[in-house]
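Heads up: the structure comes next, in structure tokens.
Residue numbers (this note's numbering): 5 to 184.
Structure, rendered in structure tokens:
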């Protein structure tokens with residue numbers, strides 16, 4: 005038996021294209037490019053004007069309004085450049101620890117809360133928050149409070165009840181401060 009002939013495929017073999025060397029185009033000078041564009045624009049407008057004049061038409065173009073509402077044009081707003089400051093002294097924005105905690109309350113009720121509830125009572129700034137009071141107390145006396153409760157008195161003062169954890173006693177902290 006004779007060997008079978010291999011069938012040729014009907015697909016054409018397409019040769020792979022060769023890679024061309026990349027050549028970067030030379031960068032044009034932007035000033036020259038701008039100048040040539042302006043010249044071309046001037047030539048186009050000159051042709052257009054001469055064509056209109058040859059037809060006997062005017063070169064004036066009326067503005068076409070698309071809305072019925074008149075909007076004022078936007079004008080240039082200059083940055084402020086005052087000759088003198090309007091306020092001589094700038095305000096201090098932040099409350100520091102000494103402004104937040106004004107003074108401790110030493111009434112009988114506050115002393116009872118110190119002994120029974122492990123709590124110190126302070127009069128604080130009206131604008132200070134509970135977090136501010138916690139940070140201020142920690143900064144001044146190096147004792148981190150467990151909780152802070154606040155109320156505003158009828159006199160307009162803010163009273164803060166500073167509660168300590170069970171391992172820290174309010175009496176020892178009060179002795180350190182100099183309350184009792």
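Every residue gets a Cβ at the ideal spot worked out from N, C-alpha and C, and that includes glycine.
- Counted as a single uninterrupted DSSP element, the stretch harbouring residue 165 is not any alpha helix (DSSP H) but the beta strand (DSSP E) occupying residues 162–167.
- Taking the CA atoms as reference points, residue 166 sits about 16 Å from residue 130.
- Rounded to whole angstroms, residue 98 and residue 164 show a C-alpha spacing of 19 Å.
- In the three-state DSSP reduction, residue 110 falls in the coil class, being neither helix nor strand.
- About 5 Å separates the CB atoms of residue 162 and residue 128; that is less than 8 Å, so the two are in contact.
- Look at the beta carbons and you see the region 84–103 touching the region 136–143: at least three pairs across the two are nearer than 8 Å.
- Short of 7 Å from the beta carbon of residue 124, and not among the five residues preceding or following it, lie these beta carbons of its own chain, in chain order: 108, 118, 166, 174, 177 and 178.
- Burial is judged here by how many other beta carbons sit within 10 angstroms of a residue's own beta carbon; residue 46 has fewer than 16 and is exposed.
- Membership of residue 53 in any beta strand (DSSP E) is not indicated; the residue belongs instead to the alpha helix (DSSP H) covering 34–59.
- The continuous beta strand (DSSP E) containing residue 153 extends over residues 151–156.
- In the same chain as residue 148, and ignoring 5 residues on each side of it, the C-beta atoms closer than 6 Å to its own belong to 142, in chain order.
- Taken in chain order, the unbroken stretches of alpha helix (DSSP H) that lie wholly in the region 69–156 and span 4 residues or more are 101–104, 112–120 and 134–145.
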